[in-house]
Amino acid sequence: MGKKLLIVESPAKAKTIQRYLGKDFIVKASMGHVIDLPEKEFGVDIEKDFKPKYVTIKGKDKILKEIKKTAKEAEAVYLATDPDREGEAISWHIANALKRLKKDGIYRVRFHEITKKAIAEAVKNPDKIDENKVNAQQARRILDRIVGYTISPLLSKRFKKALSAGRVQSAALRLICDREEEIRKFVPKEYWTVEATFEKEKSEFPAKLYAVDGKKLDKFSIENEKQAKELVERAKSAAFTVTRVEKKERRRKPYPPFITSTLQQEASKRFGFPAKMTMQIAQQLYEGIDLGSERVGLITYMRTDSTRVSDEAVKEARKFIKEAFGKESLPSKARVYETKSASAQDAHEAIRPTSVFRTPESVKKYLTPEQFKLYDLIWRRFVASQMKDAVFNTVSTDIEGNGLTFRATGSTLKDEGFLKVYPVEVEEKLLPPLEKGNSVNLKEVKGVQHFTEPPPRFTEGTLVKALEEEGIGRPSTYATIISNIIQRGYVDKEKQKLKPTELGEFINSILKKLFPRIVDIKFTASIEEELDKIEEGKKDWKELLKEFYFGEFKKVLENAEKELKNIKGEEIGRICPECGAPLLKIHGRYGAFIACSNYPECKYKESLKEKEEKTGEKCPKCGGELVIKKGRFGRFIACSNYPECKYTAPITYGKCPKCGEGEIVERRSKKGRIFYGCSRYPNCDYVSNKPPEGAKK
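Going by the working numbering, the first residue of the sequence shown is number 32, and it counts up by one from there.
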C-alpha cells in the first residue's frame, strides 16, 4: 500500500502531526494560501456573474508543484487546513489544483486541537469540503476586492500614492475617528462630592454624602463649591448616629473561558500585546510545542466566538480542580456558558488548554516568555471557569445627622473560590464593628471637586470589543483590521491608545461623504450577517454580490468619481496672502502641505509644520526649547531652533532591564509599529512592545 498525504498550512503544524501519524503518512505544508485572486489586476468579471480569476500566488509555484507530485503518488489525500472559512477555501483551492475534487481518494479532515487523539479521530472520520463555507469566503474575498480595487485607486489618484480603503478597515477607522471627534467636542462638567472621615473607638473609616433631607443625591446634585461648602458646614455642626447596618454575602462568578476577542482584550490589558502578536503566539501554542519527550499543541483552535466546551474537557478540569484544590473548590454541577454574541457562529469550542494537567509551570522551560504568559492566561481562565464563586462579606451602613446621610461600605474576601487560580484586583475595605444607634465622631469633612471626562481613546483590546459588539468582522479578522489601519498610517498608537492621524481623519471624512454605506457601521455588520447566511446555506453567494454592487455601490462609485474632482483639500480657516482665496490643506503624494484653493491660477504654497510637543528641557548646545519630533524611524528629541541648531537625541525610558548599560529608546519598525529596544543593539537584543514599567523619559 502507498503512503497517504495530509496537507496543512504551516510547517510547525506539519511537524507536530507527522509525529502522531507516523511513517504511513507524508505531511506537507501549503504555507497558507497557494491560490488567490491576482495581485496586480482586478480579477473579478462582474458581467459574468462575478466570476473570479484564480492564480497561483507568486512564490508558491514550487510548493504547489511539490504537493501535486506527492499527491499523484499517494494512496489518498487528506486536506487538514484550519477549521474555518479561510481554511475551507485553502482546501478547496488545493483540491481543484489536484483535479480530484469530485473523485475518490481526497478527503477533508477537521480538528480543533492538535493532539494524538484528535488527529487520529479526524483521520478515521473524514468529511467532504463544505461548499457553503467556501462560498462564504469567496463572497467575502470578492466583496473586499470590489471595494479595494475601485475606491483605492480613486483616492490614490486624487490625493496621495498608495492610499487605500477596505470594506471592514474603513468601518473600524470610522469608529476611531468618531471617538476622536467625541473627545474633541467634549465639554467637561463640574460636580462636587462631600466626603467625610468618621471615628468609632479609635478606628477611622471613610464615607460619602448619600442623601440630604431624605432625598438621594445623584452625580450632579452638588453643582459648585458654594453648595459643597454649605453642606460641609452643616455636617460640622451635626451629631452623627448609625441608622442602618446591613450585612450580606456577595458572590462573584468566574469568567467564561476565552474566545478570540476576549483573549485579545485581556492580553492587551495585562501584557500590552497587540492583537496581531496575541494571535501569532496563540497560533504557535495551537500548532505544537516541543516538550522534550513529545510535541503537542497546547491549546485548542484560537479563532472562535463560542464559549462552549466539550464534556470531556469539563470532566478533566473538574478532576484537576478536585485533586489540586480540594472538593470544596468545585461547584456541585459543571458550569455551562452561553455564547452572548448574537453574531456568534458557535462552530468551535472556546480557547482552552488541550489538557489541564499540562500546567503552565510544567511546560515553562519549553516556552518563550511571551508564549508562557499567554498559555498561563488561557490555562488559568479555563480552570477558573469551572471553579466555585468567590464570596465576599459586605457591610453597608448609613450615618445620619442634621438631615445629612453619609454612607460607608466595606467588604472582605470570605472565600477565594476561582480567584485562587485567576486573580483579579480586589480591594478590601474594613469597617469597625457598628450597630444601629451607635454614635460616631466626625473627624474630617470636605468638598471634593470633580469634572466629567471625555470617553477614552480605544486601545487594541477595547477596539476589538467594539468591533465584536457592532458585529464588524469575525474572530479571524480583528487582528488584521487593526494591523492594516496602523501600517497604512491612518492610526497612530501612542501609549497603547489608538489615535487617528490627520491623514486617517481626512480619508474618513472623504469616505463618509462619498461612500457613506462603506463606513456605515450597521451596513458593515449586515454584510457579515449575509455572509453567515451563505455559510449556513440560506443564501446564494452571487446573489449577495449582485445586491451589493448593482443595488447601490456602482451608482455611488460613478458619482464619487465626479465629486472627487471638486475636492481639493481641507479648508483651514486662513486666506491666501497673495490672492485672498481660502487656503487648503492638501494631502499630496509626498505628504501634506498648504496651498491656495485658486490653483492653478494662484500657485501659492507653504510647507506644513506639525505641532511640536515640548519636553520642558533646554537644548544643551544653544539653550533653545527641546521638542519631540516625528521622523522616519519614530519620534526623537530635537532643538526648536533647527536648522540653526541641529541638536538631536533619542527619547529614552531609563536603563535597559537586560544589560543594565544601554538606555531604552523608542523605535519604529519597517511596518510603522512603535517598539522599544536597547540603545546598545546589536550588542544587546532587548525589545519590548511597551516601555519598562515605571520608566520615565
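Beta carbons: idealized from backbone N, C-alpha and C, even for Gly.
Measure the alpha-carbon distance for residue i versus residue j and round it to whole angstroms.
i           : j           : result
residue 235 : residue 463 : 8 Å
residue 37  : residue 77  : 36 Å
residue 183 : residue 173 : 15 Å
residue 437 : residue 240 : 4 Å
residue 696 : residue 681 : 6 Å
residue 596 : residue 546 : 15 Å
residue 489 : residue 499 : 14 Å
residue 303 : residue 633 : 50 Å
residue 458 : residue 440 : 12 Å
residue 518 : residue 705 : 11 Å
residue 336 : residue 67  : 26 Å
residue 107 : residue 155 : 13 Å
residue 516 : residue 467 : 60 Å
residue 203 : residue 187 : 20 Å
residue 205 : residue 211 : 10 Å
residue 126 : residue 136 : 11 Å
residue 319 : residue 250 : 53 Å
residue 679 : residue 687 : 21 Å
residue 103 : residue 109 : 13 Å
residue 132 : residue 111 : Bear in mind that a pLDDT of 47 at residue 132, under 50, signals an unreliable position, so the number given afterwards is only what the model happens to contain. Distance between the alpha carbons of residue 132 and residue 111 is about 15 Å.
residue 267 : residue 476 : 7 Å
residue 563 : residue 167 : 7 Å
residue 233 : residue 226 : 19 Å
residue 683 : residue 506 : 36 Å
residue 40  : residue 165 : 16 Å
residue 610 : residue 637 : 14 Å
residue 581 : residue 589 : 12 Å
residue 321 : residue 369 : 34 Å
Out of the options, which one is the CA nearest neighbour of residue i?
i           : options               : result
residue 526 : 95, 514, 491 and 543  : 491
residue 583 : 162, 465, 97 and 178  : 178
residue 426 : 128, 171, 442 and 312 : 442
residue 153 : 165, 351, 497 and 139 : 139
residue 379 : 715, 143 and 249      : 143
residue 176 : 84, 209 and 551       : 84
residue 676 : 687, 668 and 652      : 652
residue 261 : 564, 387, 103 and 479 : 479
residue 454 : 693, 648 and 421      : 421
residue 86  : 94, 69 and 100        : 69
residue 334 : 473, 511 and 263      : 511
residue 61  : 171, 451, 122 and 496 : 122
residue 43  : 635, 674 and 314      : 314
residue 331 : 265, 387 and 163      : 387
residue 528 : 299, 233, 96 and 256  : 299
residue 341 : 367, 323 and 360      : 367
residue 218 : 445, 637 and 482      : 482
residue 53  : 238, 41, 35 and 65    : 35
residue 542 : 39, 130, 91 and 196   : 196
residue 282 : 448, 79 and 631       : 448
What distance in whole Å lies between the Cβ atoms of residue j and residue i, which are believed to be in contact at a cut-off of 8 Å?
i           : j           : result
residue 739 : residue 59  : The requested residue 739 is not part of the displayed model; the chain covers only 32 to 728.
residue 615 : residue 601 : 6 Å
residue 471 : residue 230 : 7 Å
residue 224 : residue 431 : That pair is no contact at about 18 Å.
residue 502 : residue 559 : 6 Å
residue 214 : residue 531 : Not confirmed; about 11 Å, so no contact.
residue 419 : residue 384 : The Cβ separation is near 20 Å, so there is no contact.
residue 694 : residue 710 : 5 Å
residue 287 : residue 381 : 7 Å
residue 198 : residue 549 : 7 Å
residue 599 : residue 625 : About 12 Å separates the two Cβ atoms, so there is no contact after all.
Does the distance between the C-beta of residue i and the nearest non-hydrogen atom of the ligand NAP fall short of 7 Å?
i           : result
residue 501 : Here there are no bound small molecules, and the ligand NAP is not part of this structure.
Within the segment 137–211, ranges of the alpha helix (DSSP H) (whole runs, at least 4 residues): 147–155 and 162–189
Counting pairs of beta carbons, one from the segment 241–255 and one from the segment 536–550, are three or more of them closer than 8 Å? no
Please confirm if the segment 404–414 is in contact with the segment 288–295, defined as three or more CB-CB distances below 8 Å between the two stretches. yes
Stretch pair the segment 313–329 + the segment 143–157: three plus CB contacts closer than 8 Å: yes
Could you tell me which whole beta strand (DSSP E) segments of length 3 or greater appear in the segment 262–291? 271–283
Decide if the segment 517–524 is in contact with the segment 558–578; the criterion is three or more beta carbon pairs, one per stretch, under 8 Å apart. no
Counting pairs of Cβ atoms below 8 Å between the segment 116–123 and the segment 340–354, do you hit three or more? no
Does the count of Cβ pairs from the segment 397–406 and the segment 337–346 closer than 8 Å reach three? no
Run through the segment 477–561 for me and flag every whole alpha helix (DSSP H) of 4 or more residues, listed as ranges in chain order. 491–501, 509–518 and 533–545
What are the uninterrupted segments assigned as alpha helix (DSSP H) that are 4 or more residues long and contained completely in the segment 44–111, given in chain order? 92–104
Which runs of the alpha helix (DSSP H) spanning at least 4 residues fall entirely within the segment 656–701, listed in chain order? none
Just to confirm the assignment: which complete alpha helix (DSSP H) runs, minimum length 4, are found wholly within the segment 315–402? 342–356 and 391–394
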